[in-house]
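Protein chains in written order, with full-length UniProt numbering: chain B, 1 to 207; chain P, 1 to 231.
Beta carbons: idealized from backbone N, C-alpha and C, even for Gly.
Written out below as structure tokens is the structure these notes cover.
Written out as structure tokens, the structure is:
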């Protein structure tokens, strides 16, 4: 089974040299630690391309934050712009890929990650725009919830963030692609058998 | 043409009324018009509708107007990190219209550009699309979103000249230009007003045509998530 960092490292393999990429909050943020020598430009949808690492205490700048409202730094390649232009490049398909967290995904590529009715009302932020606009959507999430129930479903039960938008799912148990008729197993995580992966998945798995 | 005022309350004089619609710049607590929000609180103007990406935190940003119950409705994309907001929303005291972040930014930009509506793929097949016109273009389905025109826009910039040309700093730009554009009137607060001619005309982020009134002030610039790495 993969831990958070191993999932992030696996997700980093999705990125190719020269890509402009948006990373969501949580495990996706860790993906930046594993891009290695690849030339990747990170977008922060509040209005920045070329996001750098977290600042040292001396570098902290209240005018420089990422989409998770964390303080960050700039790089030599950095550019700033307003939120309308930022989502123009997202909606316009200029961002090659987004790596996002999820509460639920379904076998048809539906994604739910923005609210739990009656319990948690935070909002979708930029997630709906991202999944509708970017070239490729990779979801990184735990395969099951804390009760052991599958989060990789036949149909989402929570309000959707996007319909038929997910291309690839990376979980602590393995990697699955959304294909015609269901999900196809790409690989199993270290120490996980295909039977274990299938047993933890409610969604239909096709060969 | 006199745009520079002495204080936030002076700059808002005659512009505020109960039930009005205000568009505000800022993302989280970054680049928010903190001085103008404080002045709106002190004015006691109520039943306000705000188009703003977030609602601040409990004691900063739009949060201070929620504490005094001056806000009737929020149009936002993300309202986490604000306990009083959540309480008022769940108890039905506050109306909330969730807009995807990019849709909200584009609604402001479009409204300011004289575009009453636009089609977007964002939100198709979700709650956001319910009740909206759907239309297919080139085999893909889009929904109609309306442009926003607000009674008042309030924004924060880094520098201005006395004609209202604005320069923003880093990610504090965020929603400020589109918010400014969609206001029938726009009031900007800045850290420094410089004489005309001292800003490079090629480096102006928002032309002064969008800015009607202007103040200079001291900003707290509170940080929401202080995240550091080891040096």
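Continuous alpha helix (DSSP H) stretch holding residue i: start and end
i, result
"residue 86(B)", "83-91"
"residue 34(P)", "34-43"
"residue 227(P)", "Unbroken run through residue 227(P): none, as it is neither H nor E."
"residue 51(B)", "Segment 48-51 is the beta strand (DSSP E) holding residue 51(B); no alpha helix (DSSP H) there."
"residue 102(P)", "101-112"
"residue 66(P)", "63-67"
Buried or exposed (CB count within 10 angstroms, at least 16 for buried), residue i
i, result
"residue 64(P)", "buried"
"residue 116(P)", "exposed"
"residue 238(P)", "In the structure as shown, chain P starts at 1 and stops at 231, and residue 238(P) therefore has no counterpart that could be examined."
"residue 157(B)", "exposed"
"residue 209(P)", "exposed"
"residue 130(P)", "exposed"
"residue 10(B)", "buried"
"residue 61(P)", "buried"
"residue 163(B)", "buried"
"residue 68(P)", "exposed"
"residue 159(P)", "buried"
"residue 33(B)", "exposed"
"residue 81(B)", "buried"
Of the residues the options, the one placed nearest residue i, counting alpha carbons only
i, options, result
"residue 78(P)", "105(P), 92(P) and 68(P)", "105(P)"
"residue 98(P)", "207(B), 124(B), 92(B) and 9(B)", "124(B)"
"residue 93(B)", "119(B), 102(B) and 135(B)", "135(B)"
"residue 96(B)", "16(B), 110(B) and 27(B)", "16(B)"
"residue 76(P)", "151(P), 54(P), 177(P) and 193(P)", "54(P)"
"residue 206(B)", "188(B), 176(B) and 192(B)", "176(B)"
"residue 44(B)", "85(B), 9(B) and 193(B)", "85(B)"
"residue 16(P)", "31(P), 39(P), 102(P) and 176(P)", "39(P)"
"residue 59(P)", "177(P), 4(P), 149(P) and 83(P)", "83(P)"
"residue 117(B)", "114(P), 136(P), 112(P) and 90(P)", "90(P)"
"residue 204(B)", "170(B), 159(B), 152(B) and 189(B)", "152(B)"
"residue 103(B)", "142(B), 78(B) and 81(B)", "142(B)"
"residue 7(B)", "19(B), 29(B) and 20(B)", "29(B)"
"residue 165(P)", "74(P), 206(P) and 138(P)", "206(P)"
"residue 210(B)", "107(B), 180(B) and 187(B)", "Residue 210(B) falls outside the range modelled here, since chain B spans only 1 to 207, and no answer is possible."
"residue 183(B)", "80(B), 110(B) and 53(B)", "110(B)"
"residue 78(B)", "88(B), 87(B), 66(B) and 70(B)", "66(B)"
CA-to-CA distance, residue j to residue i, given in whole angstroms
i, j, result
"residue 96(P)", "residue 85(P)", "10 Å"
"residue 141(P)", "residue 137(B)", "19 Å"
"residue 22(B)", "residue 1(P)", "43 Å"
"residue 169(P)", "residue 11(P)", "23 Å"
"residue 48(B)", "residue 221(P)", "19 Å"
"residue 14(P)", "residue 47(P)", "17 Å"
"residue 173(B)", "residue 105(B)", "15 Å"
"residue 219(P)", "residue 192(P)", "11 Å"
"residue 40(B)", "residue 168(B)", "19 Å"
"residue 233(P)", "residue 156(P)", "What the structure shows of chain P is the stretch from 1 to 231, and residue 233(P) is not part of that stretch, so it cannot be assessed."
"residue 25(P)", "residue 83(B)", "10 Å"
"residue 191(B)", "residue 13(B)", "19 Å"
"residue 175(P)", "residue 27(P)", "7 Å"
"residue 74(B)", "residue 42(B)", "11 Å"
"residue 71(P)", "residue 214(P)", "24 Å"
"residue 34(P)", "residue 145(B)", "40 Å"
"residue 4(B)", "residue 26(B)", "9 Å"
"residue 66(P)", "residue 2(B)", "43 Å"
"residue 155(B)", "residue 42(P)", "50 Å"
"residue 179(P)", "residue 109(P)", "7 Å"
"residue 6(P)", "residue 134(P)", "48 Å"
"residue 56(P)", "residue 87(P)", "14 Å"
"residue 93(P)", "residue 181(P)", "30 Å"
"residue 228(P)", "residue 54(B)", "5 Å"
"residue 76(B)", "residue 171(P)", "15 Å"
"residue 21(P)", "residue 73(P)", "9 Å"
Cross-chain neighbours of residue i in chain D, by beta carbon under 7 Å
i, result
"residue 78(P)", "No chain D is present in this structure, whose protein chains are B and P."
Residue i: first and last residue of the uninterrupted beta strand (DSSP E) it sits in
i, result
"residue 136(P)", "134-137"
"residue 85(P)", "Careful: residue 85(P) lies outside any beta strand (DSSP E), inside the alpha helix (DSSP H) at 83-90."
"residue 71(P)", "71-76"
"residue 174(B)", "174-179"
"residue 76(B)", "74-80"
"residue 49(P)", "48-51"
"residue 191(P)", "186-194"
"residue 22(B)", "20-23"
"residue 170(B)", "168-171"
"residue 152(P)", "152-161"
Against chain P: residues of the stretch 38-71 of chain B by CB proximity under 9 Å: Within the stretch 38-71 of chain B, the residues whose Cβ lies closer than 9 Å to some Cβ of chain P are 44, 45, 46, 47, 48, 53, 54, 55, 56, 57, 58, 59, 60, 61, 62, 63, 64, 65, 66, 67, 68, 69, 70 and 71, listed in chain order.
Interface residues of the stretch 159-173 of chain P facing chain B [CB-CB below 9 Å]: Listed by position along the chain: 168, 169, 170, 171, 172 and 173.
The stretch 118-130 of chain P: positions lying closer than 7 Å to chain B by Cβ: 120, 121, 122, 123, 124, 125, 126, 127 and 128
Near-chain P residues of the stretch 83-99 of chain B - C-beta to any C-beta below 7 Å: 83, 84, 87, 90 and 91
Against chain B: residues of the stretch 86-107 of chain P by CB proximity under 9 Å: Using a CB distance below 9 Å, the part of the stretch 86-107 of chain P facing chain B consists of 86, 89, 90, 96, 98, 99, 100, 101, 102, 103, 104, 105 and 106, ordered along the chain.
Within 8 Å of chain P by C-beta, residues of the stretch 156-169 of chain B in sequence order: Taking 8 Å as the Cβ-Cβ cut-off against chain P, the residues of the stretch 156-169 of chain B that qualify are 159, 160, 161, 162, 163 and 164.
Where the stretch 189-220 of chain P meets chain B: residues whose CB sits under 7 Å from a CB there: Cβ contacts with chain B come from no residue of the stretch 189-220 of chain P.
Within 8 Å of chain B by C-beta, residues of the stretch 134-150 of chain P in sequence order: none
Interface positions of the stretch 22-49 of chain P facing chain B (Cβ-Cβ less than 8 Å), listed along the chain: 27, 28, 29, 30 and 31
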